[in-house]
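Undergrad: Under my numbering, the first residue of the sequence shown carries the number 127, and numbering increases by one thereafter. Glycine included, C-beta positions come from ideal geometry on N, C-alpha and C. Please see the structure below; I have some questions.
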Amino acid sequence: MKTQTDYYGEIEYNLSDLIVVADGFFGFPELKQFLPLRLDEDNDSLLLMQSVENSQVAFVVIAPTILCPDYSPVLTEEDLSALDTQDCNELSYYAVCVIKNNYLEDTVNLKCPLAINPKTKTARQVILENTAYGYRHKLNTFSSITKKTQDRSNCHADTAPENE
């Protein structure tokens with residue numbers, strides 16, 4: 127099969143490559159089929175979840191353990207049942223990033239990760255009850271990110287923080 131994307135142009139894929147988000151991402155309940163595209167060929171910790179139903183919709187997601195090594199989501203029985211598992215540890219988790227024009231303002235939502243069952247290729251965006259996780263953690267506050275972005279001399283992004 128083929129799909130058109132805004133970021134990669136036309137891409138070929140197999141149905142077995144798709145992740146099915148039965149309830150869609152929050153705010154996009156009608157979009158259910160996503161193609162996970164690696165942003166780094168060597169690992170899958172940073173993905174672009176490209177909708178195959180709407181080429182203009184794609185979510186940048188990151189494995190939260192890259193940011194917080196002790197990230198340990200606890201899902202409700204309803205979420206586990208929807209993902210056809212009884213064990214949170216059998217799932218892969220990705221946090222949705224909000225990418226802005228000013229990279230210093232990029233955020234990640236650790237409160238509502240995408241939980242993926244790799245065996246069934248099904249996923250669900252969940253809301254965690256743990257109060258340690260928030261909706262808008264600035265990416266540049268995580269040491270794993272700041273180490274990689276310390277030299278921005280060649281970056282053309284606007285580095286002045288926006289006033290909220």
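Identify the continuous alpha helix (DSSP H) that holds Asp205 and give its terminal residues.
TA: Counting along the chain, the alpha helix (DSSP H) containing Asp205 begins and ends at 203-208.
Undergrad: Is it right to say Ala241 is buried, meaning 16 or more other beta carbons lie within 10 angstroms of its own, or is it exposed?
TA: Classification for Ala241: buried.
Undergrad: What is the rounded straight-line gap between the Cα of Pro155 and the Cα of Tyr133?
TA: When rounded, the distance between both Cα atoms is 22 Å.
Undergrad: Whole angstroms is fine: what's the gap from Ala258's alpha carbon to Asp196's?
TA: Cα to Cα, the separation comes out at about 11 Å.
Undergrad: Output needed for Leu254: all residues of its chain with C-beta closer than 6 Å, excluding positions within five of it in sequence on either side, in chain order.
TA: For Leu254, where only same-chain residues beyond five positions count, the Cβ hits under 6 Å are Pro199, Lys237.
Undergrad: On the DSSP letters alone, give me the boundaries of the beta strand (DSSP E) that Thr233 sits inside.
TA: Per DSSP, Thr233 belongs to the beta strand (DSSP E) from 233-243.
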